[in-house]
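What follows is a set of notes on a single structure, which appears directly below.
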Amino acid sequence: MIIAENYEDLLRKGADKLGFPNNAIKTLVLEQDGNEVDSDSFEYIEEGTTFIILTSNQAWKSCEDVGVGNQVSETSKSDESMQSNLKQSGQKTICFQGNQIVLGPTLQQSGSKSNIEVAVKIDPEKLREDSKIYPNAVPGSFLYKYRKALNDAAYEICLENPSLVHKRGELQSLARAKVDESGYSYTKNKSRSQELSIPCANNLTPKITPSLRAKRITNIEEDLKEVNLEMSLLERSRAKARNLNQDERARSLTQEMTPLRQRKRKLDDELLTLQKKEAKSLKQKKMRNSQIKEAKNKLDGKQLNSSQRTLDEVLDKGQALNAEEILEVLDSVEDSAEISKESEVSEVVSDVEEKKNVAPAESFL
């Protein structure tokens, strides 16, 4: 190792260490590619860079061209198994070539411990029983076909890795994946799960509340006013340019009006759609209000009970009644209206006598 403060100090100390004569012309080159290093570029060299000092009658050579016999240490390899366990240590060798000291290839050292494999005899039948995910699956039981496929897949997986017998969760996941990959035919042909199925595009138009629709209509009307105003200004400018025979100016104004026309058409279409929806909404609202009002009127004009409706129908028919029919009507009225029988009898008999000139009720009683 040489410790130097600058470029000249490195050349001097390196020549002394290598035994170069003082009057010899020395050159400092990079060990990696042989590029020459001068005093100016030496200041920008990265830390840890390796240099080679050459004289005028010497030339740089790469480490690959250096013979193996010049290396300080050699690695002997006894057999291929030892070679497979060797790895590079990161420490480079030093090679000598004449008066030059260069770095050679890296050394190799024995790697970490090799995995020890032990052959254990396994009973296939016992492994089949232990690897079953559904040991109680019998022909004709629920999902027997699928469960049998899972058991067979689990057995094939355990033949490759018997340790999975004690890892039931991992074994079940691998077995399901193997069954799916093997092309198992499900009863429903495809899954109806929302997670596994391909999400379908939602083509339904989002519902807009009346307040948002009214606000959007107002905004579109304001935008249309602005567009119409810009188009009118451009139209005036174009007419003025045509009167002055400024064709280029008129043509550019026409091109500026094109996007405004497109925007106006788009806004008109959207406004028309919203107005149709608004009219439909108002119509439906008016229809609902009329239905509610009609139902309310029916409830207000409805008779209090069925017995009163029956009595009115009897009096309006104008038919002659016998004593039994009169008593039947009076009994129904007395039960529903909760009034005294005497007052009800007098009122009903008077009404009957006035309309049909029937004999007094005392003659029937």
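Each residue of the sequence shown is one higher than the one before, starting from 3 at the first, in this note's numbering.
Just so it is clear, CB atoms sit at the ideal spot from N, CA and C, and this is done for glycine as well.
Is Val31 closer than 8 Å to Ile54 when the C-beta atoms are compared?
yes
Have a look at the DSSP bridge pairing and note the partners of Leu30.
Ile55
I need the boundaries of the alpha helix (DSSP H) containing Tyr146, first residue and last residue.
146 to 162
If you check the beta carbons only, do Lys134 and Ala156 fall under 8 Å apart?
yes
Distance check for Leu20 and Asp11, CA to CA, integer angstroms please.
14 Å
Quick one: Cα of Leu231 to Cα of Lys298, how far?
52 Å
Between which two residues does the alpha helix (DSSP H) holding Leu231 run?
212 to 245
Residues in the same chain with beta-carbon distance under 7 Å from Asp249, minus the five sequence neighbours each way, listed in chain order, please.
none
Using a Cβ-Cβ cut-off of 8 Å (strictly less than) and excluding sequence neighbours within five positions of Met233, which residues of its own chain qualify?
Met259, Leu262, Arg263, Lys266
Helix, strand or coil for Gly320 per DSSP?
Note that Gly320 scores a pLDDT of 48, beneath 50, so its modelled location is shaky; the value from the coordinates is reported in the next line. In the structure shown, Gly320 sits in coil (DSSP, three-state: anything other than H, G, I, E or B).
From the DSSP output, read off the bridge partner residues of Glu38.
Val31
Pull up the distance between the alpha-carbon of Glu33 and that of Lys15, whole angstroms please.
18 Å
Residue nearest to Ser213 in terms of C-alpha spacing, selected from Val39, Leu276, Gln293, Ser239:
Leu276
Consult DSSP for Ser184 and reduce its assignment to one of helix, strand or coil.
coil
Ile124 classed as buried or exposed, judged by whether at least 16 other C-beta atoms fall within 10 angstroms
exposed
Is Asp125 near the ligand MN, going by C-beta to nearest heavy atom under 7 Å?
As far as ligands go, the structure on display features none, and thus does not contain the ligand MN.
Would you call Arg170 buried or exposed, if buried means 16 or more other Cβ atoms sit within 10 Å of its Cβ?
exposed
From what residue to what residue does the alpha helix (DSSP H) around Leu129 run?
126 to 132
Helix, strand or coil at Leu16 according to DSSP, with G and I counted as helix
With the sequence shown as reference, residue 16 is identified as Gly, and Leu is not the correct amino acid for it. Of the three classes helix, strand and coil, the one that applies to Gly16 here is helix, per DSSP.
Thinking C-alpha only, which one of Glu172, Asn138, Lys288, Cys160 is nearest Glu127?
Cys160
Own chain, CB closer than 6 Å to Arg130, minus 5 neighbours either side, in chain order:
Tyr157
DSSP state of Pro141 mapped onto helix, strand, coil:
coil
Express the C-alpha separation of Ala151 and Glu76 in angstroms, rounding to a whole number.
Bear in mind that a pLDDT of 40 at Glu76, under 50, signals an unreliable position, so the model cannot answer this.
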